[in-house]
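Visitor:
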Amino acid sequence: MFKQWLFSAALLASSIVAPTIAAATTKYHTVKTIRPFTAELVFYETNIPYDTVLGRLDAAINKTGSVNFLRDFHNSKTKEEQTTLISSIIQDRTFLLFLETNHKAWLDVYDPTTQHPKATVYTIGNPNFAANILPLDYTTGVNIPPRFLILETKNGGAKIVYQQFSKIFAPFNKNKELAGHTHDLDVNFGALFDNVTSTKV
1 MFKQWLFSAA LLASSIVAPT IAAATTKYHT VKTIRPFTAE LVFYETNIPY
51 DTVLGRLDAA INKTGSVNFL RDFHNSKTKE EQTTLISSII QDRTFLLFLE
101 TNHKAWLDVY DPTTQHPKAT VYTIGNPNFA ANILPLDYTT GVNIPPRFLI
151 LETKNGGAKI VYQQFSKIFA PFNKNKELAG HTHDLDVNFG ALFDNVTSTK
201 V
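Quick note on UniProt numbering: the sequence shown kicks off at 1 and runs consecutively.
#1: Please look up how many angstroms separate the CB atoms of Lys167 and Ala39, rounded, as I've assumed it's under 8 angstroms.
#2: Can you list, in chain order, the residues of its chain with a C-beta nearer than 7 angstroms to that of Leu41? Leave out the 5 residues immediately preceding and following it.
#3: Compare the beta carbon distance of Glu100 and Thr123 with 9 angstroms and say whether it is the shorter of the two.
#4: Given a cut-off of 9 angstroms, decide if Phe129 and Leu185 are closer than it, judged by their beta-carbon atoms.
#5: Just the Cα atoms here: how many angstroms apart are Ala191 and Ser76?
#6: Using a threshold of 9 angstroms, state whether the C-beta atoms of Phe37 and Ser66 are closer than that.
#7: Can you list, in chain order, the residues of its chain with a C-beta nearer than 7 angstroms to that of Phe165? Leave out the 5 residues immediately preceding and following it.
#8: Spatial neighbours of Lys3 within its chain, please: CB distance less than 7 angstroms, with the 5 preceding and 5 following residues excluded, ordered by chain position.
#9: Taking DSSP's pairing of strands, which residues face Gly125 in a bridge?
#10: Classify Pro127 as buried or exposed, calling it buried when 16 or more other Cβ atoms lie within 10 Å of its own Cβ.
#11: Unbroken beta strand (DSSP E) runs of length 3 or more, entirely within the stretch 129-169: which are they?
#12: Tell me whether Tyr138 is buried or exposed, calling it buried when 16 or more other Cβ atoms sit within 10 Å of its Cβ.
#13: Using the Cα positions of Ser198 and Ala179, report the straight-line distance between them to the nearest angstrom.
#14: Can you tell me whether Tyr44 is helix, strand or coil according to DSSP?
#15: Alpha carbons only, please: which of Leu134, Lys200, Phe172, Arg93 is nearest the one belonging to Lys63?
#16: Helix, strand or coil for Thr113? Go by DSSP, reduced to three states.
#17: List the endpoints of the continuous alpha helix (DSSP H) containing Val53.
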């Protein structure tokens with residue numbers, strides 16, 4: 001009986017120790033690579049008042065309707081819920097607002113002695129477009145959705161700055177389908193900012 005107990009105890013001990021030994025013998029490795037590529041910054045500069053430009057952009061991306069988008073989108077349980085939500089916000093538009101960062105607001109608190117220009121970064125996109133791009137190469141997610149700076153100029157006008165979408169995806173554009181999608185986004189974002197900076201009344 002005693003020998004049988006010892007044998008059972010040995011089996012139990014081996015079952016506990018074995019995974020530890022296996023884990024200890026696993027060899028992990030990490031590789032860091034850097035891929036150089038040429039990006040392009042797009043600049044729109046206008047003497048149209050900053051607040052006017054931002055107001056036009058807010059309307060074009062339905063900022064008011066986008067306020068709770070991320071919360072509701074993440075709480076969606078089905079694709080139908082997601083697409084219905086997207087459609088209800090975008091309506092006849094192309095993009096919606098994901099996030100807003102007001103740099104002037106926090107800089108005025110951090111350094112109240114300096115006169116800071118109005119500077120807002122909008123994260124803008126359309127999940128329907130992202131759903132076509134990401135499965136082609138999930139690493140494109142590093143730039144989805146893209147960001148856009150709207151900066152007040154010294155004359156009270158506005159400057160819009162963003163990275164050309166097809167260029168920031170240049171490392172992935174060997175995929176022709178992906179390249180086609182990013183080219184379309186260049187066109188769509190260009191049309192968006194052509195409209196919000198238009199001098200035609």
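Where a beta carbon is used, it is the ideal one built from N, C-alpha and C, also for glycine. Bear in mind that the values here come from a model prediction, so they are computed numbers and not experimental data.
Guide: A quick look at the data gives this:
#1: Locating residue 167 in the sequence shown gives position 167, counting from the first residue. Locating residue 39 in the sequence shown gives position 39, counting from the first residue. 5 angstroms between Cβ atoms; contact.
#2: For the purposes of this step, residue 41 is taken as the residue at position 41 of the sequence shown. Same-chain partners within the cutoff: Val161, Gln163.
#3: Here residue 100 refers to the residue found at position 100 of the sequence shown. Here residue 123 refers to the residue found at position 123 of the sequence shown. Going by beta carbons, Glu100 and Thr123 fall inside the 9 angstroms limit.
#4: Here the question's residue 185 lines up with position 185 in the sequence shown. Here the question's residue 129 lines up with position 129 in the sequence shown. Cβ atoms of Leu185 and Phe129: closer than 9 angstroms.
#5: Here residue 191 corresponds to residue number 191 of the sequence shown, with the count starting at 1. Here residue 76 corresponds to residue number 76 of the sequence shown, with the count starting at 1. Cα to Cα, Ala191 sits roughly 30 angstroms from Ser76.
#6: Taking the first residue of the sequence shown as position 1, residue 37 is located at position 37. Taking the first residue of the sequence shown as position 1, residue 66 is located at position 66. Not closer than 9 angstroms, so no.
#7: Looking up residue 165 in the sequence shown gives position 165. Answer for Phe165: Pro146, Thr182, Leu185, Asp186, Phe189, listed in chain order.
#8: Counting from 1 along the sequence shown, the entry for residue 3 is found at position 3. Because the pLDDT of Lys3 is 49, which lies under 50, any placement of that residue in the model is unreliable, and the number read from its coordinates should be weighed accordingly. Within the same chain, and ignoring the five residues on either side of Lys3 in sequence, no residue has its Cβ closer than 7 angstroms to its Cβ.
#9: Position 125 of the sequence shown holds residue 125. Its beta-bridge partners are Leu96.
#10: Working through the sequence shown from its first residue, we reach residue 127 at position 127. Counting the other Cβ atoms within 10 Å of the Cβ of Pro127 gives 16 or more, which makes it buried.
#11: Scanning the stretch 129-169 for uninterrupted beta strand (DSSP E) segments of 3 residues or longer gives 147-152, 158-163, listed from N- to C-terminal end.
#12: In the sequence shown, counting from the first residue as 1, residue 138 sits at position 138. Of the residues assessed, Tyr138 falls on the exposed side of the cut-off, its CB having fewer than 16 other CB atoms within 10 angstroms.
#13: Residue mapping note: residue 198 aligns to position 198 of the sequence shown, counting from 1. Residue mapping note: residue 179 aligns to position 179 of the sequence shown, counting from 1. Their Cα atoms are separated by approximately 28 angstroms.
#14: Position 44 of the sequence shown holds residue 44. DSSP places Tyr44 in the strand class (E or B) of the three-state scheme.
#15: Mapped onto the sequence shown, residue 63 falls at position 63. Among Leu134, Lys200, Phe172, Arg93, the Cα nearest to that of Lys63 is on Arg93.
#16: Counting from 1 along the sequence shown, the entry for residue 113 is found at position 113. In this structure, Thr113 counts as coil in the three-state DSSP scheme.
#17: Position 53 of the sequence shown holds residue 53. Run containing Val53: 50-60, per the alpha helix (DSSP H) assignment.
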